[in-house]
Every structure is written in structure tokens, then in C-alpha cells.
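First residue of the sequence shown? That's 1 in my numbering, and the numbers climb one at a time after it.
We put the CB at the ideal spot given by N, CA and C, even for glycine.
Bear in mind the structure is a predicted one, so any value in this text is a computation, not a measurement.
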Amino acid sequence: MNTFKEFHPLVNFLWFLLVLGFSMSFFNPVMIAVSLFCAVFYSVLTGGAKAVKFNISVILPLALMSAVINVLFNHSGATILFYLKNGNPVTKESIVYGFVAACIIAQTVLWFYQLNFVMTDDKFVYLFGKIAPSFALALSMTLRFVPNYKKKFDEIITARKALGMSNQKRITEAVKAMSVMVSWAFESAFDTADSMKSRGYGLKGRTAYSVFIFTKRDFLALFLTIFI
1 MNTFKEFHPL VNFLWFLLVL GFSMSFFNPV MIAVSLFCAV FYSVLTGGAK
51 AVKFNISVIL PLALMSAVIN VLFNHSGATI LFYLKNGNPV TKESIVYGFV
101 AACIIAQTVL WFYQLNFVMT DDKFVYLFGK IAPSFALALS MTLRFVPNYK
151 KKFDEIITAR KALGMSNQKR ITEAVKAMSV MVSWAFESAF DTADSMKSRG
201 YGLKGRTAYS VFIFTKRDFL ALFLTIFI
């Protein structure tokens, strides 16, 4: 279903690097619309119903919130539509800019979501393990942050419910669960660092086995990516 994931790590990384760079740099409405459409389509293609739920429950509210915040705090523009109760004007330009900024945020989050899906830990270690081992390890752990911590957060909530400890308000319960999760996060980070150090990760002259082979298909994909 996701053939692109089977390409060489260099092809995957360069493609996402260029897509994210262009998506966050250009303000052309047509290019933003194309990038957002492709990001949504690709997420649904790889994630199915789960991706649709994520787009509706997370991406859409995030985009709408950023658009509304821009309208409330950015009053620049020549076309005044109406005034707020505090006397600040709401302009057509601020609404358009807020909508464009919301689309940029949405597409960027979606592309990072797909980057985390395609670029697995072993790919990052393969690409940067020899050049910058500490950076490779930190980057792989950072990209795993959202899915791993969300899963752990759900586990903590479920465990507290099973123990009969979730009879408090939702905000209080979330704060307590977050406190447990932060402690687990630090523990997990130290364990990972100690584990990699004990295996000799980052030592000079250390060899590593790799299953990645740069084929003609990868060369063609890399050439087309750079050319386009």
C-alpha cells in the first residue's frame, strides 16, 4: 500500500526535506492548496479510517484555532469588515492571511506525521549514525515523541480507571496522568541512552549491519526529486 516507504532512506529523507521546506516557505495559495490536498490524501492512503479521524479531530480544530487567533490578534489590512467589542477592527486581509496560515500549519503537521511513518528509527540511524550519532539518536527519539507518548498517556488513563482512581475532574485527571507520563519519559530517555552507550553506539570504527541497498529505482527517484 505504501511503496514509497520501501525506498532507500536517502530518497525518503530528501523528499520530505524538500516538501517540508517548500510547504513552510511558499505563500502561494495554489501551491498551499496542492500541498494540503496531497498531505491529506497521503495520510488517508497510508492510515485509512484512523487518519481520517486524526484529520478531523486534531488537524481541523488546530487549523481553525490558528485562523481564529490570527483574526483576533492581527488587525492589519485595508478592508475593514466590522469592529470587535474592544474597538479593534476585523479586516478581510487578516481573515485571508489567517486561513492561509492555518492551511500551512495543517499541511506541515500532516507531512511531519507522514515523515514519522515513513522514516523509521533504523533509517535515521543509518543516515546519520556515522556522521552525527548523537543527532541521529536525538532526532529519532523526537520523531517518536507524539505516537509513543499518546499511546503511553492512554495506557496511564486506562490503568487509573481500572484502579478506581479516575473519579476526579477531567482536567485534574489529565494533569496527574501527564505527571506520570513525564516521569516515564525521562526514565525512557535515560534507558535508551544507556542502552545505546552499552552497545558501543557512536564509537569510532564501530561497524553496523544494514539492510538498505541503493538500487536503480532509488537513483531514478532521487534524480526526479532533485530535478523537479
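In the structure shown, what three-state DSSP assignment does residue i receive?
{"i": "threonine 91", "result": "strand"}
{"i": "isoleucine 80", "result": "strand"}
{"i": "glycine 98", "result": "helix"}
{"i": "methionine 119", "result": "coil"}
{"i": "leucine 45", "result": "helix"}
{"i": "lysine 130", "result": "coil"}
{"i": "leucine 163", "result": "coil"}
{"i": "lysine 204", "result": "coil"}
{"i": "lysine 152", "result": "helix"}
{"i": "asparagine 55", "result": "helix"}
{"i": "lysine 176", "result": "helix"}
{"i": "lysine 85", "result": "coil"}
Starting from residue i, trace the alpha helix (DSSP H) in both directions and tell me its first and last residue.
{"i": "glycine 21", "result": "9 to 25"}
{"i": "methionine 65", "result": "60 to 73"}
{"i": "valine 211", "result": "Taken as a continuous stretch (DSSP letters only), valine 211 belongs to no alpha helix (DSSP H), as it is neither H nor E."}
{"i": "glycine 200", "result": "Taken as a continuous stretch (DSSP letters only), glycine 200 belongs to no alpha helix (DSSP H), as it is neither H nor E."}
{"i": "isoleucine 226", "result": "216 to 227"}
Candidates the options: which alpha carbon is nearest residue i's?
{"i": "valine 30", "options": "Met65, Ala78, Asn70, Val100", "result": "Val100"}
{"i": "glutamate 93", "options": "Asp122, Ala78, Leu84", "result": "Ala78"}
{"i": "asparagine 70", "options": "Gly47, Asp194, Ile95, Asn86", "result": "Ile95"}
{"i": "leucine 110", "options": "Trp184, Ala159, Val19, Ser195", "result": "Val19"}
{"i": "alanine 67", "options": "Thr120, Phe54, Phe27, Tyr97", "result": "Tyr97"}
{"i": "serine 25", "options": "Val11, Phe13, Thr108, Phe54", "result": "Thr108"}
{"i": "aspartate 121", "options": "Ser198, Thr192, Gly200, Met65", "result": "Thr192"}
So, for residue i: in the same chain, excluding its five sequence neighbours on each side, which residues have a beta-carbon less than 7 Å away from its beta-carbon?
{"i": "tyrosine 42", "result": "Gln114"}
{"i": "tyrosine 126", "result": "Pro9, Ser210, Phe212"}
Can you give the beta carbon distance from residue i to residue j, rounded, assuming they're within the 8 Å contact cut?
{"i": "isoleucine 105", "j": "alanine 63", "result": "6 Å"}
{"i": "phenylalanine 117", "j": "threonine 46", "result": "6 Å"}
{"i": "alanine 177", "j": "isoleucine 157", "result": "5 Å"}
{"i": "threonine 225", "j": "leucine 14", "result": "6 Å"}
{"i": "valine 58", "j": "alanine 51", "result": "Not a contact, Cβ separation roughly 10 Å."}
Taking 8 Å as the limit between beta carbons, can you name the residues of its chain near residue i, skipping five residues before and five after?
{"i": "phenylalanine 22", "result": "Met31, Ser35"}
{"i": "valine 175", "result": "none"}
{"i": "phenylalanine 82", "result": "Pro89, Val90"}
{"i": "valine 180", "result": "Ile156"}
{"i": "valine 11", "result": "Asp218, Ala221, Leu222, Thr225"}
Among residues of its own chain, excluding the 5 on either side of residue i, which ones have a beta-carbon nearer than 6 Å to its beta-carbon?
{"i": "isoleucine 80", "result": "Pro89, Thr91"}
{"i": "alanine 162", "result": "none"}
{"i": "phenylalanine 54", "result": "none"}
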